[in-house]
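J.:
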Amino acid sequence: MSNGGQRSKDWLHIAKHILIASTLAFLVLLAAPEIATRLGNDDPRAASLPEYLRPFRPLPIRIINGLGTLLGRFGLLDFAMPLDADYLLANACRSLGEDGGSCVLYNDGEGGRQRPIGGDAWRGRLDLLSNALRNEAKLTLLGRVVAQGQLKEVLITRGRLLRAFQKEEEQMEGSPLEPIRDPIFVVGLPRTGTTLLQRLLAVDPFNRSPMLYEYMNPVPRPMHPPLAGAGAAEMETYAMATRDKVAAYQRDFLDQYKRLAPGLDAMHPLNATNPEECIVSLNYVLDSQQ
23 MSNGGQRSKD WLHIAKHILI ASTLAFLVLL AAPEIATRLG NDDPRAASLP EYLRPFRPLP
83 IRIINGLGTL LGRFGLLDFA MPLDADYLLA NACRSLGEDG GSCVLYNDGE GGRQRPIGGD
143 AWRGRLDLLS NALRNEAKLT LLGRVVAQGQ LKEVLITRGR LLRAFQKEEE QMEGSPLEPI
203 RDPIFVVGLP RTGTTLLQRL LAVDPFNRSP MLYEYMNPVP RPMHPPLAGA GAAEMETYAM
263 ATRDKVAAYQ RDFLDQYKRL APGLDAMHPL NATNPEECIV SLNYVLDSQQ
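Residue numbers (our numbering): 23 to 312.
1) Could you tell me the alpha carbon to alpha carbon distance between R203 and T162, rounded to whole angstroms?
2) DSSP puts M233 in a beta bridge; with which residues?
3) Can you tell me where the alpha helix (DSSP H) holding T217 begins and where it ends?
4) Taking 8 Å as the threshold (C-beta atoms), are Y235 and Q188 in contact?
5) By Cβ distance, which residues of its chain are closer than 7 Å to L127, with the 5 residues on each side in sequence left out?
6) Please report the distance separating the alpha-carbon of P297 from that of R95.
7) Taking buried to mean at least 16 other C-beta atoms within 10 Å of its own C-beta, is R243 buried or exposed?
8) Taking its Cβ as the centre, do 16 or more other Cβ atoms sit within 10 Å of Q220, making it buried, or is it exposed?
9) So L164 and L105 are supposed to be a Cβ contact under 8 Å. How far apart are they, rounded?
10) Rounded to the nearest angstrom, what separates E132 and W144 at their Cα positions?
11) In angstroms with no decimal places, state the Cα-to-Cα distance between N153 and R213.
12) Which class does R265 belong to by DSSP, given the choice of helix, strand or coil?
13) M233 and T295 look like a contact to me (Cβ under 8 Å); what is the Cβ gap, rounded to whole Å?
14) Tell me which same chain residues have a C-beta within less than 8 Å of the C-beta of T320, skipping the five on either side of it?
15) Suppose contacts are defined by Cβ-Cβ distances below 8 Å. Is L99 in contact with G88 by that definition?
16) Would you report the Cα separation of L308 and P227, rounded to the nearest angstrom?
17) Helix, strand or coil, according to DSSP, for Q278 in the structure here?
18) To which residues of the same chain is S117 closer than 8 Å at the C-beta, ignoring the five residues directly before and after it?
19) Classify N157: buried if its beta carbon has 16 or more other beta carbons within 10 angstroms, exposed otherwise.
20) Is S124 buried or exposed, if buried means 16 or more other CB atoms sit within 10 Å of its CB?
21) Please state whether DSSP places P212 in a helix, a strand or coil.
22) Taking a contact to mean a Cβ-Cβ separation below 8 Å, would you say A102 touches L93 in this structure?
23) In chain order, what residues of the same chain have a beta carbon less than 7 Å from the beta carbon of A169, not counting five sequence neighbours either side?
24) Since A112 is in the alpha helix (DSSP H), which residue starts that stretch and which ends it?
25) Once you ignore the five residues that flank A107 on each side, which residues in its own chain have a CB closer than 7 Å to its CB?
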């Protein structure tokens, strides 16, 4: 390459960095009033809340939310962090390794191929939730990030459950399912001790109550394929190691969540390896109060 060509390439490289730096500086200047407001007083509405309910937002989070407010003023928030149902479904299908109309989430229960989870109404509930998050919840940019991530995980888990049910039906075709004998249901209004009663019942070794990590990840990915020709003892060790890995991952996730909401345990103690109520499982039919 000639010296003139090299100099032209160097100038283009410098100009690109100057343009990027100028754009970032412009965005920061535009967002400065909003960021300053958030640094001085995170949210005036928080003053009326009990201390344990007041949002805890460190400096980086306040800056991110200030930039999110700026994006919202220019109508770019939906583009930067979309929450519409079609986008969420397409994103979940890609994560499941399926695209287009062949995705299990688009063929939920059709033609007898899968067992529907929660009937056909779940898609309508997804649309309602998506519209509410976009137009009513007034989420910050970080709030949108969290909501998008949680809904994506819910849809991915729903897809894995549908696959697991389909595989089970193929394996059990013509065979009777093992009945669940004498199930115990705990029903009550919030703050009336249902959680305590449910956890007391779970202490009895003759009862089996799902753990929180099992609700959060009911169809875990295996760590690696099991060894060929493994016996019953090796398979049991493999299954226990997979459960331990899933529990550790969900424990780390809860720890991060609690750092964003440090008063959460005061309202409802959460531990990945503790028995939990079925409200979490209702996420996968989009009919939960969470």
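We treat Cβ as the ideally placed atom computed from N, Cα and C, and that holds for glycine.
Note that the structure is predicted; figures quoted are calculated from it, not measured.
T.: So, from the data block:
1) Stepping through the sequence shown from its first residue, residue 203 is reached at position 181. Stepping through the sequence shown from its first residue, residue 162 is reached at position 140. In a straight line, the C-alpha of R203 is about 47 Å away from that of T162.
2) Taking the sequence shown and counting its residues from 1, one reaches residue 233 at position 211. BP columns for M233 point to P297.
3) Locating residue 217 in the sequence shown gives position 195, counting from the first residue. Element bounds for T217: T216 to V225.
4) Stepping through the sequence shown from its first residue, residue 188 is reached at position 166. Stepping through the sequence shown from its first residue, residue 235 is reached at position 213. No, these two residues do not count as a Cβ contact at 8 Å.
5) Working through the sequence shown from its first residue, we reach residue 127 at position 105. Contacts found: L111, A114, C115, L177, R180 and G181.
6) If you number the sequence shown from 1, residue 297 lands on position 275. If you number the sequence shown from 1, residue 95 lands on position 73. Their Cα atoms are separated by approximately 44 Å.
7) Here residue 243 refers to the residue found at position 221 of the sequence shown. Classification for R243: exposed.
8) Position 198 of the sequence shown, counting from 1, holds the residue named residue 220. Answer is buried; the Cβ neighbour count reaches 16.
9) Stepping through the sequence shown from its first residue, residue 164 is reached at position 142. Stepping through the sequence shown from its first residue, residue 105 is reached at position 83. Not confirmed; about 13 Å, so no contact.
10) Walking along the sequence shown from the start, residue 132 turns up at place 110. Walking along the sequence shown from the start, residue 144 turns up at place 122. Caution is warranted here: a pLDDT of 44 is assigned to E132, below 50, making its placement in the model unreliable, and the coordinate value is therefore given only provisionally. Distance between the alpha carbons of E132 and W144: 14 Å.
11) Here residue 153 refers to the residue found at position 131 of the sequence shown. Here residue 213 refers to the residue found at position 191 of the sequence shown. Between N153 and R213, the C-alpha separation is close to 30 Å.
12) For the purposes of this step, residue 265 is taken as residue 243 along the sequence shown, with counting starting at 1. Looking at R265 - three-state DSSP - the assignment turns out to be helix.
13) To locate residue 233, count along the sequence shown from 1; it is residue 211. To locate residue 295, count along the sequence shown from 1; it is residue 273. The pair is a contact, with the Cβ atoms about 6 Å apart (cut-off 8 Å).
14) This structure leaves residue 320 out entirely; the chain is present only between 23 and 312.
15) Reading the sequence shown from its first residue, position 77 is the one you call residue 99. Reading the sequence shown from its first residue, position 66 is the one you call residue 88. In this structure, G88 does not lie closer than 8 Å to L99 by Cβ.
16) Your numbering for residue 308 matches position 286 in the sequence shown. Your numbering for residue 227 matches position 205 in the sequence shown. Each residue's alpha carbon lies about 32 Å from the other.
17) Counted from its first residue, the sequence shown places residue 278 at position 256. Q278: helix per DSSP, three-state reduction.
18) Taking the sequence shown and counting its residues from 1, the one referred to as residue 117 is at position 95. So the qualifying residues of the chain are K174 and I178.
19) Position 135 of the sequence shown, counted from the start, is the residue given in the question as residue 157. With fewer than 16 Cβ atoms within 10 Å of its Cβ, N157 is classed as exposed.
20) Position 102 of the sequence shown, counting from 1, holds the residue named residue 124. S124 should be labelled exposed.
21) If you number the sequence shown from 1, residue 212 lands on position 190. Coil, per DSSP.
22) Mapped onto the sequence shown, residue 102 falls at position 80. Mapped onto the sequence shown, residue 93 falls at position 71. The answer is yes: Cβ separation under 8 Å.
23) As a working mapping, residue 169 is identified with position 147 in the sequence shown. If we look at A169 and ignore the five residues flanking it on each side, its Cβ neighbours are L105, L155 and L161.
24) In the sequence shown, residue 112 corresponds to position 90, counting from 1. It spans A107 to S117 - the alpha helix (DSSP H) in which A112 sits, taken as one unbroken run.
25) Sequence index remark: in the sequence shown, residue 107 carries index 85 (1-based). Around A107: L148, D149 and S152.
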